[in-house]
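K.L.:
Handing you this structure, nothing more for now.
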Amino acid sequence: MTKIVRVDPLNIDVNVIEMCANVIKSGGIVAFPTETVYGLGADTFNPRAVLKIFKAKNRPPDNPLIIHIASLDQLHSVAVDIPEIAWKLIERVWPGPLTLVLRRKSSVPREVTGGLDTVAVRMPAHPVALKLIELSRTPIAAPSANLSGRPSPTTAKHVIDDLYGRVDVIIDSGRTLFGVESTIINVLTDPPTL
4 MTKIVRVDPL NIDVNVIEMC ANVIKSGGIV AFPTETVYGL GADTFNPRAV LKIFKAKNRP
64 PDNPLIIHIA SLDQLHSVAV DIPEIAWKLI ERVWPGPLTL VLRRKSSVPR EVTGGLDTVA
124 VRMPAHPVAL KLIELSRTPI AAPSANLSGR PSPTTAKHVI DDLYGRVDVI IDSGRTLFGV
184 ESTIINVLTD PPTL
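Here the sequence shown is numbered in the working numbering, starting from 4 and rising by one per residue.
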């Protein structure tokens, strides 16, 4: 059964986020808010947990996930050979609605990357998302929290309508700020491509 918890992004109840982080650490999946859309997250380094995302969403396994981080240390745990242009973008935009395609560190399971040698990484600009990632002590792999082919969710109600009974926890923090997914830039091409 799915647990629904309410978290005020302006007054975060750390005990509730710690409970959600424990779900992530134990191999569960949690729907959480970002500034763009709601994400459905699992521990990036737990392939079984990552596969639960694909099952819950009916998502094709060759469709890569975005890795959400809360620190540059976490960036180094998932990506290698980060080019200078990436660092310039990181300085200007992170935390924010920008996803960078980087070279995958070998410790990142292929389930996360859809079998690719690249990873998509971003640092969300939402206090609840950042606290969840921080307390989970791991980067969180997360696509949008909806059934594949459905519109990306901008409220917890959208997530409940699509995924109730398919996920462990849904964090309700109200409507997302932007309501559209993050911009993805491949910084491994010259010039970088959208």
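Even for Gly, the Cβ is constructed at its ideal location relative to N, Cα and C.
What you are looking at is a predicted structure, and each value in this text was computed from that prediction instead of being measured.
#1: Specify, as a first and last residue, the run of the beta strand (DSSP E) that ASN189 falls within.
#2: Once DSSP output is grouped into helix, strand and coil, what is the label at PHE57?
#3: Since ARG113 and ASP84 should fall inside the 8 Å C-beta cutoff, what is the C-beta to C-beta distance between them, to a whole number of angstroms?
#4: Is the region 139–159 touching the region 84–93, taking contact as three or more C-beta pairs under 8 Å?
#5: Which complete beta strand (DSSP E) runs does the region 30–103 hold, if anything under 3 residues is left out?
#6: For PRO50, collect the residues of the same chain with a Cβ closer than 7 Å to its Cβ; drop the 5 residues on either side in sequence, then sort them by chain order.
#7: Using the three-state DSSP reduction, which class does LYS108 fall into: helix, strand or coil?
#8: By a C-beta neighbour count over all protein chains shown, 10 Å radius and 16 as the cutoff for buried, is SER29 buried or exposed?
#9: Go through its chain and collect everything with a Cβ distance to ILE62's Cβ below 8 Å, but skip five positions before and after it.
#10: Do you know offhand how far VAL33's Cα is from VAL53's?
#11: Alpha carbon to alpha carbon, how far is ASN14 from ASN66?
#12: Within the continuous beta strand (DSSP E) that includes VAL172, where are the two ends?
#13: Which same chain residues, not among the five before or five after MET22, have their C-beta less than 6 Å away from its C-beta?
#14: Would you say GLU38 lies against chain D (beta-carbon separation less than 9 Å)?
#15: Can you name the start and end residues of the beta strand (DSSP E) that ALA144 belongs to?
#16: Figure out for me which residue from PRO154, THR158, VAL104, ILE173 has the closest Cα to the Cα of THR186.
#17: From the DSSP output, which residues share a beta bridge with ALA123?
P.N.:
The short version:
#1: Residues 186–189.
#2: Correct three-state label for PHE57: helix.
#3: ARG113 to ASP84, Cβ: 18 Å. No contact.
#4: No: fewer than three Cβ pairs fall under 8 Å.
#5: Segments of the beta strand (DSSP E) lying fully in the region 30–103: 33–35, 42–46, 69–71.
#6: Apart from the 5 residues on each side of it in sequence, PRO50 sits with its Cβ closer than 7 Å to the Cβ of PRO112, GLU114 in its chain, given in chain order.
#7: Here LYS108 sits in coil by DSSP.
#8: Its Cβ having fewer than 16 others within 10 Å, SER29 is exposed.
#9: According to the sequence displayed, residue 62 carries Arg and not Ile. Same-chain partners within the cutoff: ILE56, PRO146, SER151.
#10: Between VAL33 and VAL53, the C-alpha separation is close to 11 Å.
#11: Our two residues, ASN14 and ASN66, have alpha carbons roughly 35 Å apart in a direct line.
#12: Unbroken beta strand (DSSP E) run through VAL172: 172–175.
#13: Counting only Cβ-Cβ distances below 6 Å, and skipping sequence neighbours, we find nothing.
#14: The displayed structure is made up of one protein chain only, and chain D is not part of it.
#15: Unbroken beta strand (DSSP E) run through ALA144: 143–145.
#16: Relative to THR186, the option among PRO154, THR158, VAL104, ILE173 whose CA is nearest is VAL104.
#17: DSSP output for ALA123 lists ILE69, VAL104 as bridge partner(s).
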